[in-house]
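Asker: Chains as they are written, first to last, in the working numbering: chain L, 1 to 211; chain C, 212 to 432.
Yeah, the Cβ is synthetic: ideal placement off N, Cα and C, and Gly gets one too.
As the structure is a computational prediction, the values presented were derived from the model and not from experiment.
1) For residue 148(L), which residues in chain C fall below 7 Å Cβ to Cβ?
2) Measure from the alpha carbon of residue 350(C) to the alpha carbon of each residue in 407(C), 410(C), 341(C), 366(C), then state which is nearest.
3) Drop a sphere of 10 angstroms on the beta-carbon of residue 266(C), count the other beta-carbons inside from all chains shown, and report buried for 16 or more, exposed for fewer.
4) Counting only beta-carbon separations shorter than 7 Å, does residue 176(L) have a partner in chain C?
5) Taking only the alpha-carbon atoms, compute the straight-line gap between residue 334(C) and residue 369(C) and give it to the nearest angstrom.
6) From residue 282(C) to residue 151(L), what does the alpha carbon distance come to, in whole angstroms?
7) Give me the chain L residues within the contact set of residue 263(C), using Cβ-Cβ distance strictly less than 8 Å, ordered along the chain.
8) Mind checking which residues open and close the beta strand (DSSP E) that includes residue 165(L)?
9) Might you give, ordered along the chain, the residues of its own chain that have their beta carbon closer than 7 Å to the beta carbon of residue 164(L), omitting 5 neighbours on each side?
10) In this structure, what does DSSP give as the bridge partners for residue 180(L)?
11) By Cβ distance below 7 Å, which residues in the same chain neighbour residue 197(L) in space, the five residues on each side in sequence not counted?
12) Determine whether the beta carbon atoms of residue 142(L) and residue 210(L) lie at a separation below 7 Å.
13) Can you tell me whether residue 169(L) is buried or exposed? The criterion is at least 16 other CB atoms within 10 Å of its CB, across all chains shown.
14) Below 7 Å between beta carbons: does that hold for residue 387(C) and residue 207(L)?
15) For a cutoff of 7 Å on Cβ pairs, would you count residue 269(C) as touching chain L?
16) Relative to the C-alpha of residue 352(C), which candidate in 385(C), 274(C), 405(C) has its C-alpha closest?
17) Helix, strand or coil, according to DSSP, for residue 368(C) in the structure here?
18) Is the distance from the Cβ of residue 354(C) to the Cβ of residue 173(L) below 7 Å?
19) How long is the line joining the alpha carbons of residue 194(L) and residue 263(C), rounded to whole angstroms?
20) Classify residue 219(C): buried if its beta carbon has 16 or more other beta carbons within 10 angstroms, exposed otherwise.
21) Starting from residue 127(L), trace the beta strand (DSSP E) both ways and give me its first and last residue.
22) On the three-state DSSP scale, how would you describe residue 201(L)?
23) Is the region 278 to 298 of chain C in contact with the region 244 to 251 of chain C, if contact means three or more CB pairs nearer than 8 Å?
24) If we cut at 7 Å on Cβ distances, does residue 210(L) have a partner in chain C?
25) Show which residues of chain L have a CB atom less than 8 Å away from the CB atom of residue 331(C).
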């Protein structure tokens with residue numbers, strides 16, 4: 001993770017500590033944090049700054065603006081209120097289960113915001129997803145938490161051939177699937193199935209909650 | 212243009228963007244859907260714009276369109292799915308009033324499509340104070356119904372827990388435990404009964420709750 005991402009996360013944490021609990025939509029928070037963590041490429045914001053050639057804002061300044069935008073977002077909440085958490089993948093047992101340790105270190109160095117910093121039970125919960133698919137070239141996670149955007153949440157391949165990702169998810173019921181090699185969508189074989197009345201493609205379900 | 216002016220202009224643009232976000236979201240003009248077919252894309256955007264005009268949240272609708280693309284659904288099916296979700300969101304908003312959070316409306320819409328009877332959302336909402344999110348009780352009710360438990364039975368257990376002061380995590384643990392039991396082969400009704408009993412045993416008795424809770428106090432989150 002870059003220094004810039006570290007700074008943004010630090011400022012998000014600081015902003016959340018100061019924000020009244022009732023103003024912080026945990027799903028929006030999870031979406032924001034996941035977006036920061038899962039962004040290996042130059043962001044649109046970075047490209048925008050580069051276009052403007054404003055060095056003074058391309059580093060720490062950008063982080064400050066991001067924190068400001070987050071704060072402004074809280075104020076505007078009500079008319080702009082995303083449901084979604086970006087992220088998750090879990091499972092690996094007989095069914096998907098949250099790690100239950102909100103502030104534990106996560107696979108891949110993904111940080112987790114302590115529940116107390118955001119608001120008790122409504123805080124995002126670190127959730128691990130695992131897929132045994134050694135023949136895959138790439139695996140990503142799609143679901144209601146990231147608006148089903150393929151590629152936004154890539155899994156990491158381990159030497160064993162397992163793919164894994166641990167991500168913060170807002171408490172609640174989430175439907176998800178794995179996207180293999182960018183085209184093949186499969187349900188999590190270790191998780192309970194979720195029907196799909198709209199598109200007829202079965203997914204998986206995970207219940208997330210702070211233990 | 213001097214560096215100073217550029218910075219000021221940049222900050223002004225950020226402020227303008229933040230303040231204009233609700234209006235832009237409402238108009239839906241800025242939403243770029245990853246739908247290749249222009250006709251379908253226009254039709255879906257029109258559905259989303261209609262929903263926005265009614266004050267419904269657009270993020271779930273965008274997600275539904277994206278889901279259809281990810282699942283390689285036909286354009287017609289994507290359009291139908293988005294329109295159907297918009298109707299469910301509107302219905303959920305009426306049932307869950309005064310709740311207005313996107314998360315609650317999305318959970319309510321998901322409950323409806325999974326077979327939870329509409330009046331039950333109203334009963335869930337009424338079981339907790341208006342300022343307290345009912346996302347978790349709704350999500351657990353949905354999961355229980357999906358796992359084959361009669362909705363009436365599931366609702367009774369969940370609302371009983373809510374009224375006894377169960378936390379959202381305790382209610383969630385009920386849902387997850389039953390889910391695991393059913394996946395492991397236990398009969399859904401039996402799983403609910405035994406797990407609800409387990410969670411209930413962790414809660415103070417009704418008499419103790421009444422004597423300890425000061426008037427007007429809020430239940431634990």
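Answerer: Judging by the given coordinates:
1) Counting only Cβ-Cβ distances below 7 Å, residue 148(L) has contacts in chain C at 274, 277, 278, 281, in chain order.
2) Among 407(C), 410(C), 341(C), 366(C), the Cα nearest to that of residue 350(C) is on 366(C).
3) exposed
4) no
5) 10 Å
6) CA-to-CA, the gap between residue 282(C) and residue 151(L) works out to about 14 Å.
7) In chain order: nothing, as chain L lies at least about 10 Å away.
8) 162 to 169
9) Taking C-beta separations shorter than 7 Å and ignoring five residues to either side along the sequence, the partners of residue 164(L) in its chain run 107, 128, 129, 130, 155, 156, 158, following chain order.
10) 139(L), 184(L)
11) none
12) no
13) It counts as buried.
14) yes
15) no
16) 385(C)
17) The answer is helix: DSSP assigns residue 368(C) an H, G or I state.
18) yes
19) Distance between the alpha carbons of residue 194(L) and residue 263(C) is about 28 Å.
20) exposed
21) 125 to 132
22) Residue 201(L) falls in the coil class under three-state DSSP.
23) yes
24) yes
25) Neighbours of residue 331(C) on chain L: none; closest Cβ ~16 Å, over 8 Å.
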